[in-house]
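The next block holds one structure in the form of structure tokens; read it before the comments.
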Amino acid sequence: MNRKKLIPLLLFFLGLSWLQGGAQTAKTSLSLITEVRNSIAAIKPFKVNFVQQVFDEDQLEIEETGEILFKDHNTLKWTYLDPDYKVFLLQGENYKFYDRDNEQLTVGKIKDKNRQWLWQLLFSQEISPYIKTDRKNKKIYIKDEPGALDVEILVNSDFLPVKAIREDPTGVKMVYHFKEYKKRINLSADTFTLAVPPGVEVVTE
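Count along the sequence shown from 1, add 399, and you get the number used in this note's numbering.
See the structure below:
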């Protein structure tokens, strides 16, 4: 599989590698994180539209759009609608990823912190040694070690994420735009199920 085919699957994991050990908690950073957590908790379950862009050497390579259904930071459904239909379902540490065009279902577990999603990172109890914030511009920066991955999160006046940027050491930049939050929506009993057609290839990671 070439690099362009790998990118869509890899991009689901908006995470970073984490250092072990010990910086002191930055109270000013955690105060902004707390406001974001409280805002997310106040509107859940919610739906939000997203635009996902991939830039390589500042050239736009991929743009995809869809919607996210969020029950809590460990239960969500991330659906790509255009240009290709794909669904990523997260329940606890278990995930399923269905790629309709490739007729493939990938199942696995997210155990490593370097594969966590944006929402999981924001709610992580281990986040404090790796963050700094810019309250004036409502930005949160998550960084591990020099030369490794960085995540920048921009929140709006309601302290909800509206943009996330991740850049890796190779220069590939992933940009997520979140817009049109629909708050406290009703979820049906089958919202977080994933039905796939018979004959789909199942890959276990």
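The C-beta atom is built at its ideal place from N, Cα and C for all residues, glycine as well.
Got a sec? Which residues, its chain only, sit under 6 angstroms from residue i by beta carbon, not counting five neighbours each side?
i, result
"Val599", "Glu502 and Leu504"
"Val571", "Asp455"
"Tyr540", "Lys531 and Glu551"
"Asn473", "Gly491"
"Lys537", "Val554"
"Val506", "Lys495 and Thr603"
"Trp621", "With the chain represented from 400 up to 604, any question about residue 621 goes unanswered, as that position is not in the structure."
Hey, residue i and residue j: beta-carbon distance below 8 angstroms or not?
i, j, result
"Phe469", "Lys485", "no"
"Pro482", "Glu463", "yes"
"Leu553", "Val435", "no"
"Phe445", "Gly465", "no"
"Val561", "Lys578", "yes"
"Ser438", "Leu593", "no"
"Lys534", "Asp549", "Looking at the sequence itself, residue 534 is Arg, so the reference to Lys does not match. Not in contact: Arg534 and Asp549 (Cβ atoms no closer than 8 angstroms)."
For residue i, count neighbouring Cβ atoms within 10 angstroms of its own Cβ and tell me buried if that reaches 16, exposed if not.
i, result
"Thr532", "buried"
"Asp471", "exposed"
"Lys581", "exposed"
"Gln458", "exposed"
"Val602", "exposed"
"Asp498", "buried"
Is the CB of residue i under 8 angstroms away from at least one CB in chain B?
i, result
"Tyr580", "The chain inventory of the structure shown lacks chain B, comprising one protein chain alone."
For residue i, which residues in the same chain have their Cβ closer than 7 angstroms to its Cβ, ignoring the five residues on either side in sequence?
i, result
"Leu475", "Ile467, Leu468, Phe469, Leu489 and Trp518"
"Gly420", "Note that Gly420 scores 31 on pLDDT, short of 50, meaning its location in the model is unreliable and no value can be drawn from it."
"Tyr479", "Glu463, Gly465 and Lys485"
"Asp557", "Ser438"
So, at 8 angstroms on beta carbons, what are the nonlocal neighbours of residue i in its own chain, with the 5 sequence-adjacent residues on each side left out?
i, result
"Arg583", "Ile442, Lys443, Pro444 and Phe445"
"Leu586", "Pro444, Leu468 and Lys470"
Query - alpha helix (DSSP H) runs wholly inside the segment 450-532, at least 4 long, in chain order - result: Listed in chain order, the complete alpha helix (DSSP H) runs (minimum 4 residues) inside the segment 450-532 are 517-522.
Query - Complete runs of the alpha helix (DSSP H) confined to the segment 540-585 [at least 4 residues] - result: Runs of the alpha helix (DSSP H) inside the segment 540-585: none found.
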